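Residues -29 to -1, 1 to 310 in mature numbering (1 follows the signal peptide of the UniProt record, and there is no 0) are what the sequence shown spells out, letter by letter. Glycine included, C-beta positions come from ideal geometry on N, C-alpha and C. Everything numeric in this text was worked out from a predicted model, so none of it was measured.
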Amino acid sequence: MVLKSMDMDIRKLILVLFLLALVFGVAESFDYHESDLASEESLWDLYERWRSQHTVSRDLEEKQKRFNVFKENLKHIHKVNQMDKPYKLKLNKYADMTNHEFMSTRSSKVSHYRMLHGPRQMTDFRHDKTDNLPPSIDWRTKGAVTGIKDQGKCELVDCDKENQGCEGGLMEQAFQFIKQSDGITTENYYPYRAKDESCDSSKLNGPVVIIDGYEMVPEKDEKALMKAVANQPVSIAIDAGGTDFQFYSEGVFIGDCGTELNHGVAVVGYGATLDGTKYWMVKNSWGEDWGEKGYIRMKRDVDAEEGLCGLTLEASYPVKLQSNNNRKSSPRSKAKDEL
């Protein structure tokens, strides 16, 4: 009798786990059908389902305004998805925000900070003579890429005074801070909170990553970027301001976008589709529910020397030349010998 009861409990548990998996699996995406576009009433129902899906709360007056924005975005998404493009868009969590509103919360004005700090000061590029590059590489499969996070509307955000915290900055300034500070600690020790706060110096005494500096990838040179990415993930800046980028879902993104750099991302690999379309694998910071589980494939080998969305204009990567064990001791705690 006891065994039968236990067997029943296990079956119930399996059923509950299955239902939870089903619910959360559905929650990852939000789709619509032609019938949802048939009338104002069906569009309103679609908007309500979208709000429920993404737990978006609006007062009555604001809801009508947001509904109108939602309809315009839906119209654009539907139109693009009807075209013969190698990528698709979707109604994601930003569907009732105008593109201007979206970029005001997600952009970092990289071009503005470059102007303030002056032209890029080129460094050595150790991979200049590198040949025989692999046809594809994905650093995620090699354990060199951390999980996707949502940066929100930040040790470096608080403590790096050369950059502007949650307002953005330059990658090279961040690398320089890590070098001068004898490393950087873990997120568990100094959690990311998506807001500017005072630097907590008491949490700077446990570095786990130490770098010896950084190098710039020659700009306007996709081949040079490919050489760098073949050896490690690379930080880049792009123009992420287009509506298609806002609602990107899957496929190889080909634009529209310019070169007004406003967002920092990381190239973590490159490859080609079955039909031969070459792409960069780019890690974003808008959560796993954006794009391809937080990533976007951006077309590689384009005609413009700036690369798609300006991705060759601000590429750089950290450099580690020696083991932490070979370093001179510093006031900070000894760090683990890893990147």
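Nearest to Asn44 by CA position, among Ser206, Pro57, Gln122, Tyr65, is which residue?
Minimum Cα distance to Asn44 is reached at Tyr65.
Residue closest to Lys198, alpha-carbon to alpha-carbon, out of Val273, Phe96, Leu31
Checking every option, the nearest Cα to that of Lys198 belongs to Phe96.
Where does Ile181 sit, in a helix, a strand or coil, going by DSSP?
Residue state, collapsed to three classes: coil.
What does DSSP give as the partner residues of Arg29 in its beta bridges?
Under DSSP, Arg29 takes part in no beta bridge, so it has no partner.
Would a C-beta distance cut-off of 7 Å place Leu104 and Ala201 closer than the cut-off?
Their beta carbons are under 7 Å apart, which means Leu104 touches Ala201 by this criterion.
Can you list, in chain order, the residues of its chain with a C-beta nearer than 6 Å to that of Gln122? Leave out the 5 residues immediately preceding and following it.
Only Ser256 meet the Cβ criterion.
From Val273 to Gly240, what does the alpha carbon distance come to, in whole angstroms?
Here the alpha carbons of Gly240 and Val273 stand approximately 17 Å from one another.
Run of the alpha helix (DSSP H) containing Trp21, from where it starts to where it stops
First-last of the alpha helix (DSSP H) with Trp21: 11 to 24.
Here's the rule I'm using: 16 or more other beta-carbon atoms within 10 Å means buried, otherwise exposed. How should Asn39 be labelled?
Asn39 should be labelled exposed.
Decide if Gln217 is buried, meaning its Cβ has at least 16 other Cβ atoms within 10 Å, or exposed.
Buried is the call here.
Inter-residue spacing [alpha-carbon to alpha-carbon] between Asp16 and Glu32
As the crow flies, the alpha-carbon of Asp16 is around 17 Å from that of Glu32.
When you compare only the Cα positions, how much space is there between Ile207 and Lys191?
In this structure, the straight-line span from the alpha carbon of Ile207 to that of Lys191 is close to 12 Å.
Express the C-alpha separation of Ala9 and Glu277 in angstroms, rounding to a whole number.
Taking the straight line from one Cα to the other gives about 42 Å.
Cα-Cα separation between Gly242 and Ile267, rounded to whole angstroms:
Gly242 and Ile267: Cα-Cα distance of roughly 12 Å.
Asp227 at chain D interface by Cβ criterion, 7 Å:
The question asks about chain D, but that chain is absent: this structure has only one protein chain.
Taking the Cβ atom as the reference point for each residue, do Thr94 and Leu196 lie within a distance shorter than 7 Å?
No, the Cβ-Cβ distance between Thr94 and Leu196 is not below 7 Å.
DSSP three-state call for Trp251: helix, strand or coil?
DSSP places Trp251 in strand when its eight states are reduced to three.
Kindly examine the ligand ATP and report whether one of its heavy atoms sits closer than 6 Å to the Cβ of Leu232.
Because no ligand of any kind appears in the structure shown, any question about the ligand ATP cannot be addressed here.
Kindly indicate the opening and closing residues of the alpha helix (DSSP H) around Leu196.
Start and end: 193 to 200.
How would you call His71, buried or exposed, if buried means at least 16 neighbouring beta carbons within 10 angstroms?
Burial is judged here by how many other beta carbons sit within 10 angstroms of a residue's own beta carbon; His71 has fewer than 16 and is exposed.
Alpha-carbon to alpha-carbon, Lys100 and Gly258:
Cα to Cα, Gly258 sits roughly 37 Å from Lys100.
Given Ser78, which residues of its chain have a CB within under 8 Å of its CB, disregarding the five upstream and five downstream residues?
Contacts found: Gly139, Ala211, Gly212, Asn233, His234.
Thinking Val180 and Ala286 are a contact (beta carbons under 8 Å), I'd like their distance in whole angstroms, please.
About 20 Å; that fails the 8 Å criterion.
Using three-state DSSP, classify Ala145 as helix, strand or coil.
DSSP places Ala145 within a helical segment (H, G or I) once states are collapsed to three.
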